[in-house]
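Asker: Numbering (our numbering), first residue to last: 3 to 254.
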Amino acid sequence: MKLRIFAIFAFVLFWYCLVSSNFVELPYPHKVFFVFLHLLFNSEPVLGRTLIEHAIASIFRVLIASFVAFTIAIPLGIAMGWFERFNVFTSTIVEILRPIPPLAWIPLAYILFSKLTSPVQTAQLFIVFVGSFFPCLISVVDTARNTPLELIEMAKAFNADNRKILSSLVLPHSLQGIITGVRIGLGVGWMSIIAAEMLATSGAGLGYFIIVMYEVGGRTAEIISGMTLIGIIGYAMNWLLLKVEKLVMPWR
């Protein structure tokens, strides 16, 4: 804990030195701090929303899209890891689509969903889905595939069928991969929604807030305030999932 506090203190000190040197045009940390506190609970005049309201909008999109992504990725990953022929059938298309960054899907997503009632919001949900889906899928596939063969052979010796092996061995063994995949997928999904909000009018969201603050005159303190809240929320998500991992798998 002391090291973490010292790291934050050192970062702030470096920030002060950087601003004082006139090397970059940045506001002092204390100014950003007061602007941040003000925007948390007070609506800024341009968009008429507080930072908390923008954050809730972004979090809501991430949770919805990530939930759908994980609901599909987890059973699909177990199936790919356990059934070799199914893995051969699906792995090629997965390996082709997986390296495509979520942001590269943004133009296509806006075109695909342009005729819907809420095309921008739907496209943003799709971008988060893509960002969350593949990290979770790959993590689950790897852990399901690495289920110890000796345990599987022992189960077969006791006449356990594939369904029993899948539910009693493969699924529990995949739990670590599921939690890790969800943690990484949420992180990628969180970064994806911020970028997607910057590239289209969404009305609310931290990414949208940041780009608007830039467009109305480069309000640096407001921009950094939005970035700070993005980092805090991302850190909190990761911390919470690590706690869940320790609770579910205390032996790790």
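The C-beta atom is built at its ideal place from N, Cα and C for all residues, glycine as well.
For residue 240, does the three-state DSSP call read helix, strand or coil?
Answerer: DSSP places residue 240 in helix when its eight states are reduced to three.
Asker: With contact counted as at least three CB pairs below 8 Å, one residue from each stretch, are the region 68 to 85 and the region 176 to 193 in contact?
Answerer: yes
Asker: Within a Cβ cutoff of 7 Å, which residues of the same chain sit near residue 48, ignoring the five residues on either side of it in sequence?
Answerer: 214, 218
Asker: Between the C-alpha atoms of residue 187 and residue 68, what's the straight-line distance to the nearest angstrom?
Answerer: Computed Cα separation, rounded: 8 Å.
Asker: I'd like the list of long-range same chain contacts for residue 209, defined as Cβ closer than 6 Å, with 5 residues on each side in sequence excluded.
Answerer: 196, 199, 200
Asker: According to DSSP, is residue 52 helix, strand or coil?
Answerer: coil
Asker: I need the DSSP call for residue 120, collapsed to helix, strand or coil.
Answerer: coil
Asker: Excluding sequence positions up to five away, which residues of its chain have a Cβ less than 7 Å from the Cβ of residue 256?
Answerer: There is no way to answer for residue 256, as the model of the chain reaches only from 3 to 254.
Asker: Taking the beta carbon of residue 251 as the centre, do at least 16 other beta carbons fall within 10 Å, making it buried, or is it exposed?
Answerer: exposed
Asker: Measuring straight from C-alpha to C-alpha, what distance separates residue 230 and residue 175?
Answerer: Roughly 37 Å separates the two Cα atoms.
Asker: According to DSSP, is residue 216 part of a helix, a strand, or is it coil?
Answerer: helix
Asker: Is the beta carbon of residue 227 sitting closer than 8 Å to the one on residue 70?
Answerer: No; because the gap between Cβ atoms is not below 8 Å, this pair is not in contact.
Asker: Is it buried or exposed, residue 1, if we count other Cβ atoms within 10 angstroms and call 16 or more buried?
Answerer: What is shown of the chain runs 3 to 254, which leaves residue 1 out entirely.
Asker: Within the same chain, show all residues whose beta-carbon is closer than 8 Å to that of residue 27, passing over the 5 residues directly before and after it, in chain order.
Answerer: 222, listed in sequence order.
Asker: For residue 28, does the three-state DSSP call read helix, strand or coil?
Answerer: coil
Asker: Can you grab the Cα-Cα spacing for the pair residue 142 / residue 97, in whole Å?
Answerer: 15 Å
Asker: Which residue's Cα is closest to the Cα of residue 108: 120, 128, 91, 11?
Answerer: 128
Asker: Any idea what DSSP makes of residue 176, helix, strand or coil?
Answerer: coil
Asker: How about residue 137 and residue 190: do their beta carbons lie closer than 8 Å?
Answerer: yes
Asker: State the CB to CB distance for the pair residue 21 and residue 30, rounded to an integer number of angstroms; the pair is presumed to be in contact (CB under 8 Å).
Answerer: So it is a contact: roughly 6 Å between Cβ atoms.
Asker: Keeping to the same chain, check which residues put their C-beta closer than 8 Å to that of residue 54; ignore five residues upstream and five downstream.
Answerer: Within the same chain, and ignoring the five residues on either side of residue 54 in sequence, the residues whose Cβ sits closer than 8 Å to its Cβ are 42, 43.
Asker: Can residue 212 and residue 61 be called in contact, C-beta distance under 8 Å?
Answerer: No, the Cβ-Cβ distance between residue 212 and residue 61 is not below 8 Å.
Asker: Return yes when the Cβ of residue 233 is within less than 8 Å of the Cβ of residue 255, no when it is not.
Answerer: Look at the range of the chain in this structure, 3 to 254, and you will see that residue 255 is not part of it.
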